[in-house]
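The sequence shown begins at 1 in the UniProt record's numbering and counts up one residue at a time.
Think of the CB as a built atom: it goes at the ideal place given N, C-alpha and C, for glycine as much as any other residue.
Since we're looking at a predicted model, the values are computed, not measured.
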Amino acid sequence: MSTVRRDRLVSIEAEAQARWSKEKIYELDAPLKGEETQPKFFTTFPYPYMNGRLHLGHTFSLTKCEFATRFWRMKGYRSLWPFGLHVTGTPIAACAQKIKLEMELYGNPPQFPAEVEDKPLEKKDEVATIGQHKGKRGKAGPAKPQWIIMRTMGIEESEIPKFADPLHWFDFFPPLAIQDLKRLGCHIDYRRSFITTDRNPYYDRFVSWQFRNLRSSNYLHYGKRYCIYSPLDKQPCADHDRASGEGALPQEYTVVKLKVKNPLEQPALAPFSEIIGNRSVILPGATLRPETVIGQTNCWVSPNFSYMAYSILNGTGEEEIYIMTSRAARNLAYQNFTVNGKTGVDPSPLFEVDGAKLIGLPLSAPLCPYDTIYTLPMQSIIETKGTGVVMSVPADSPDDYINYVQLVNKPDYRAKLGLKDEWVANKIVSLIEVPGEMGRESAKYMCEKLKINGPNATDLLEEAKKVIYQAGFYQGVMIAGPFAGEKVSAAKVKTVKLLEEQNAAIRYYEPARIVVSRSGEECVVALCDQWYIEYGKEEWKEMVMRHLKNMNLAPVVRNGFEETLNWLADWPCSRNFGLGTKFPSDEGGTMIIDSLSDSTIYMAYYTIAHFLHKGADGIHRLDAHHENALGVKPEMFTDETFDYIFRGRGTPESVHAVNGLPTEAAEKMRREFLYWYPVDLRCSGKDLIQNHLTMFLYNHAAIWPDDESKWPRSVFANGHVLVDNEKMSKSKGNFMTLEEAINEYGSDATRLACADAGDTLDDANFVRETATGFIMKLTTVIDGSEELLKNKRSLRGGEFNIFDRIFSNTINTIIIRVEKYYTNMQFRNVLNAAYHELSNEFSQYKLNCDTMQMHADLAERYLEVITLLLAPIAPHFSEYMWTTVLGRKTSVVLEPFPKVTAPVEYATLVASRVLTDVVKEIRAQVTKAQKKRGPITEVCVYTSGAYSEWQVKALGLLRELYEANNKSFPAEFSKAVMARRQDWMTKDILPDVMAFVSFTKMNVEQYGEEALASTPAINDMEVLKEVHASVCKLSGVPTVHILSNEDETYTEHRVARKKCRPGEPSVAFPDKKA
């Protein structure tokens, strides 16, 4: 396949980038004293993590910032987009550690045994206390050796050993990210780029200042908290530390102790009598609904996997034998429970028993109305949820009901399973009353309502469970047990307290779904001493909720924030392993701030970063380890400095007195911050709403509690990007780094394909064929434009004719629409209108003009407009078009957004549509009819010069509806029209009325309320006669009669005459002459 066209675009791109760099066109500062203050637009993007190259997922999301930044610059704003690079956290440290270990075990370069390439390394460690304890790797599944991963990233074998030093990653990947962003042509002020952690002394001090403020504001605390925890990494595993399971929180269960009666006499347990001894044997039933213990009829276990036995120390100091899954035991071991005599270490089972052998065990259940309940088999129990032991409450649980009733009602089935009759003898116990139809038998009612006939109807059972649990918890009243008469919500709390007092239950936590750390280990929930940020604190949350109402957000994004604010609570923010800023409140100096918590207000640091990262020699350094042009030093950046710059506390003189910061430097930095802040737009993937973006809002409220003008104004979130409708995957061959995309398609084609991929929270689709297609499209536009301007002298001048007026009006319409699309971040619509639609309209204009030739000024106007409209999305193409093809001197980056040359004329829009529709209709009718009639050489076009009486009345009805709905039409439009049905809307004309109002509604929504006028905007007959020759030529029919609907020359056309209306002519063929 030839790459000539792509290579041509790549050459154009390189030239444009060289010019922009030379002119420092993206380096924007706050206005100097006395300089006119221009409106500003400050855009930010979550800094990507630097453990590899930027990929297409990053690219898709960051292009939203890129397109918006360029657009607002064209609208007259001083538009700033800085870009930082994140290296805080565990991933880099963990990867470096793995490379070091691989070299220790297998040499340099490592000679891996075949099985190691498919299996994670394990390294056993000693026992320690929670928060510092050791552990061995969980069974999370195979992970490739890090050495091989580095090799697949294109890193030379001889270079890989350097990556055993975490700091080498800082020097290697961030410069590559900047290189790729520059090749993409991003409108980024790279002077403000930086890396995080204590490697950057200024940023390090900035984060410390932030955390001291959180502590003084009483949002930062130290204590024991349940958190997702990686035993291998020996620390909490926050979202950014995870390979999978982002957003999963600790899920609390109440584990009810179901005590086995006479355990040593039970066949399943007798072989382990020496191990069990005189200890009680417990089947720990994990439940989210502890108040339902009073309705137990039996206990469920799985016959499909083995259960493990562990010794657990209870609240009275006695050991009990718990039989459960190994995953549950592992979680308990990190929650201050003594498991097999130890805590804070993965436990090994005392013995293992097949689940099928546990069926039929007699149990004593606390608060249960029956003295004995039995274990029964349930196929749907899984090892990765709860303890593997499930209490059965058939009155309240659809799953329990359908399984239990099936066993009770089918004795042959029981016999087949080897179940005794007495094991299912307990009657279903009603325990909760819900108002309405559910009554006292919720599970039975929902199973019958949804026609659930068996346990395999999993989707219906899940639906029934949601309905029952929600109705029961919020509306239900207990009708049995110690808390009868109380609301379910209150009874739940009291039941847990009672069970704990009786030593009959414990609290147990596990991740809400499987979480795997970036070290490759399955995480647990641990009870750790740690620093945590008290998100969810009532007054703090209320501040954010109030601000949310004033932010510019898409409804679905607003909903995402509101949902997150309703559950986000204490957030562990300290780590013992990894890279970052040392925790300022940690006396031991061993803890660092986690990667989500050091990245919530760093946007403020951008406003001063260019002063700190640009050296006196003019060289920019990401780590700021050099003398800077401002002449300041890290030790000058005490809390007083940051308080003055970012919060206006103190004076330059008072800051200088404390730390020696030059007053002029303080004033410069303060001026930059005041000009650029707040963040006007933050763009991100949707997955960050549930953590980073909500924390971003919280922390701005915390640092600037009395100055809401510094809080973010807008957040845009997009979905993930697929490649050719599949998730990116190296195994599928569709994983692409940004570098690979640019090498394959060039920058502008990549950017255009990103714009075409989508803008909503739904997953977008980057289509590689589309990217390739844009290479052809862009070069074709360039070639056509050069040819057009070369022959400009042959084009027509003088007054505009009707085709000129139509095309000029269309250009103005598209400009208005494209501006609206850019403003609303609808970049796919921008592309469709600015490129596809405008190009098609130009082609139609050329066809319409035909031998008359196009108007020279209008043809050049088209080139100018398409160039400027596409400039934010395809800037290199636009730069070439603007400066080389059109011959303009200044860079296209400095050009304003195109303006309309005149107000949009509705009449001209209608004329254009009438012409286009008539030609299309003739061609369609000819294609359809000529199979029967043969060649068609004559056609009649009927027009209406005025609305009929009923049409005028319909327009009046529409105006009333439009005004009553705040100048818009209601969602259920047809129903709203029928609700206003009047006497004249008789049955015989009602279909025509509904068709007419729908047509008019479409015109109003597309062209404005002029479409509601009671007199037609144009005279269709006059317009069509003016362009009669074009209608004949474009339709391919040599004889076209333009007629009034009152013309009865062709008697056979009664239906066509009746069908036409203003703006919508009808077409008919004369009967063939005999």
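1) Taking the alpha helix (DSSP H) that residue 511 falls in, what are its first and last residues?
2) DSSP state of residue 251, grouped into three classes?
3) CB-CB under 6 Å to residue 738, same chain, minus the five flanking residues each way: which ones, in chain order?
4) Taking the C-alpha atoms as reference points, what is the distance between residue 454 and residue 380?
5) Quick check on DSSP: helix, strand or coil for residue 89?
6) With DSSP as the reference, label residue 704 as helix, strand or coil.
7) Please check the pair residue 610 and residue 621, which I expect to be a contact at CB under 8 Å, by giving their CB distance rounded to whole angstroms.
8) Go ahead and pull the three-state DSSP assignment for residue 744.
9) Are there three or more Cβ pairs, one per stretch, closer than 8 Å when the region 668–687 is compared with the region 709–718?
10) Tell me which residues share the same chain as residue 433 and place their Cβ nearer than 7 Å to its Cβ, disregarding the 5 neighbours each side in the sequence.
11) Could you have a look at residue 433 and say whether DSSP puts it in helix, strand or coil?
12) According to DSSP, is residue 711 helix, strand or coil?
13) Using DSSP with H/G/I as helix, E/B as strand and the rest coil, what is residue 984?
14) Could you work out which residue in 281, 602, 587 is closest to residue 504 when comparing CA atoms only?
15) Taking all protein chains shown into account, decide if residue 257 is buried (16 or more other Cβ within 10 angstroms of its Cβ) or exposed.
16) Return the Cβ separation of residue 898 and residue 868 in integer angstroms, given the expectation that the two are a contact with Cβ distance under 8 Å.
17) Buried or exposed, going by whether 16 or more other CB atoms sit within 10 Å of the CB of residue 733?
18) Please report the distance separating the alpha-carbon of residue 493 from that of residue 483.
19) In this structure, what does DSSP give as the bridge partners for residue 531?
20) Starting from residue 684, trace the alpha helix (DSSP H) both ways and give me its first and last residue.
21) Give the secondary structure of residue 872 by DSSP, where H, G and I count as helix, E and B as strand, and everything else as coil.
22) Going by the CB atoms, is the gap between residue 796 and residue 856 shorter than 8 Å?
23) Could you check the C-alpha separation between residue 130 and residue 223 for me, to the nearest Å?
24) Got a sec? Which residues, its chain only, sit under 7 Å from residue 239 by beta carbon, not counting five neighbours each side?
25) Determine the closest residue to residue 352 out of 720, 335, 322, with distance taken between C-alpha atoms.
26) Could you give the first and the last residue of the continuous beta strand (DSSP E) run that contains residue 300?
27) Take residue 269 and list the residues in its own chain whose beta-carbon comes closer than 6 Å to its own, dropping the five residues that flank it on each side.
28) Would you identify the three-state DSSP class for residue 1079, choosing helix, strand or coil?
29) Hey, would you say residue 284 sits closer than 8 Å to residue 424, going by beta carbons?
30) Where residue 641 and residue 873 are concerned, what is the direct C-alpha to C-alpha distance, given to the nearest angstrom?
31) May I ask you to report which of helix, strand or coil DSSP gives residue 348?
32) Quick one: what's got a C-beta closer than 6 Å to residue 86's C-beta in the same chain, skipping five residues either side?
33) Reducing DSSP to helix, strand and coil, say where residue 654 ends up.
34) Under 8 Å, do residue 955 and residue 947 count as touching if we go by C-beta distance?
35) Given a threshold of 16 other Cβ atoms within 10 Å of its Cβ, counted over all protein chains shown, does residue 1154 qualify as buried or as exposed?
36) What is the residue span of the beta strand (DSSP E) that residue 324 lies within?
The short version:
1) On the sequence shown, residue 511 is found 511 positions in, with the first residue counted as 1. Segment 505–511 is the beta strand (DSSP E) holding residue 511; no alpha helix (DSSP H) there.
2) Stepping through the sequence shown from its first residue, residue 251 is reached at position 251. Strand at residue 251.
3) Position 738 of the sequence shown, counting from 1, holds the residue named residue 738. Cβ neighbours of residue 738 beyond the five flanking positions: 54, 59, 180.
4) For the purposes of this step, residue 454 is taken as the residue at position 454 of the sequence shown. For the purposes of this step, residue 380 is taken as the residue at position 380 of the sequence shown. Each residue's Cα considered, the two are about 12 Å apart.
5) Here the question's residue 89 lines up with position 89 in the sequence shown. In the structure shown, residue 89 sits in a strand (DSSP, three-state: E or B).
6) Position 704 of the sequence shown, counted from the start, is the residue given in the question as residue 704. Of the three classes helix, strand and coil, the one that applies to residue 704 here is coil, per DSSP.
7) Along the sequence shown, read from residue 1 onward, the residue named residue 610 stands at position 610. Along the sequence shown, read from residue 1 onward, the residue named residue 621 stands at position 621. That pair is no contact at about 12 Å.
8) The count along the sequence shown starts at 1 and reaches residue 744 at position 744. Residue 744 falls in the helix class under three-state DSSP.
9) yes
10) Numbered from its first residue, the sequence shown carries residue 433 at position 433. Excluding sequence neighbours, residue 433 sits near 439, 440, 476, 477, 479.
11) Locating residue 433 in the sequence shown gives position 433, counting from the first residue. Reduced to three states, the DSSP call for residue 433 is strand.
12) Stepping through the sequence shown from its first residue, residue 711 is reached at position 711. Residue state, collapsed to three classes: coil.
13) Translated into positions along the sequence shown, residue 984 becomes position 984. In this structure, residue 984 counts as coil in the three-state DSSP scheme.
14) Counting from one through the sequence shown, the residue named residue 504 turns up at place 504. Looking at the Cα atoms, 281 is the closest of the given residues.
15) One-based indexing of the sequence shown puts residue 257 at position 257. The residue in question, residue 257, is buried, as its Cβ has 16 or more Cβ neighbours within 10 Å.
16) Reading the sequence shown from its first residue, position 898 is the one you call residue 898. Reading the sequence shown from its first residue, position 868 is the one you call residue 868. The Cβ separation is near 5 Å, so the contact holds.
17) As a first step, residue 733 is located in the sequence shown; it is residue number 733 there, counting from the start. Exposed: under 16 other Cβ atoms inside 10 Å.
18) Counting from 1 along the sequence shown, the entry for residue 493 is found at position 493. Counting from 1 along the sequence shown, the entry for residue 483 is found at position 483. Approximately 11 Å, taken between the alpha carbons.
19) Taking the sequence shown and counting its residues from 1, one reaches residue 531 at position 531. Paired residues: 222.
20) Here residue 684 refers to the residue found at position 684 when the sequence shown is read from its first residue. It is not in any alpha helix (DSSP H) - residue 684 instead sits in the beta strand (DSSP E) that spans 681–685.
21) Within the sequence shown, the letter at position 872 stands for residue 872. DSSP places residue 872 in coil when its eight states are reduced to three.
22) To locate residue 856, count along the sequence shown from 1; it is residue 856. To locate residue 796, count along the sequence shown from 1; it is residue 796. A contact, by the Cβ cut-off of 8 Å.
23) Indexing the sequence shown from 1 puts residue 130 at position 130. Indexing the sequence shown from 1 puts residue 223 at position 223. Note on residue 130: pLDDT 32, under 50, position unreliable in the model; the coordinate value appears next. One C-alpha to the other measures close to 12 Å.
24) Position 239 of the sequence shown, counted from the first residue, corresponds to residue 239. 246, 247, 596, 691, listed in sequence order.
25) Translated into positions along the sequence shown, residue 352 becomes position 352. Closest option to residue 352, Cα to Cα, is 322.
26) Counted from its first residue, the sequence shown places residue 300 at position 300. Element bounds for residue 300: 298–301.
27) Indexing the sequence shown from 1 puts residue 269 at position 269. The answer, listed in chain order, is 263.
28) For residue 1079 there is no data in the structure shown, the boundaries of the chain being 1 and 1074.
29) Locating residue 284 in the sequence shown gives position 284, where the first residue counts as 1. Locating residue 424 in the sequence shown gives position 424, where the first residue counts as 1. Contact flag unset, no.
30) Counting from 1 along the sequence shown, the entry for residue 641 is found at position 641. Counting from 1 along the sequence shown, the entry for residue 873 is found at position 873. One C-alpha to the other measures close to 40 Å.
31) Counting from 1 along the sequence shown, the entry for residue 348 is found at position 348. Three-state DSSP puts residue 348 in coil, outside helix and strand.
32) On the sequence shown, residue 86 is found 86 positions in, with the first residue counted as 1. If we look at residue 86 and ignore the five residues flanking it on each side, its Cβ neighbours are 47, 49, 196.
33) The residue you call residue 654 lines up with position 654 of the sequence shown. Here residue 654 sits in helix by DSSP.
34) Residue mapping note: residue 955 aligns to position 955 of the sequence shown, counting from 1. Residue mapping note: residue 947 aligns to position 947 of the sequence shown, counting from 1. Yes, the pair counts as a contact, with Cβ atoms nearer than the cut-off.
35) Residue 1154 falls outside the range modelled here, since the chain spans only 1 to 1074, and no answer is possible.
36) Looking up residue 324 in the sequence shown gives position 324. Looking at the DSSP string, the run of the beta strand (DSSP E) that includes residue 324 is 319–324.
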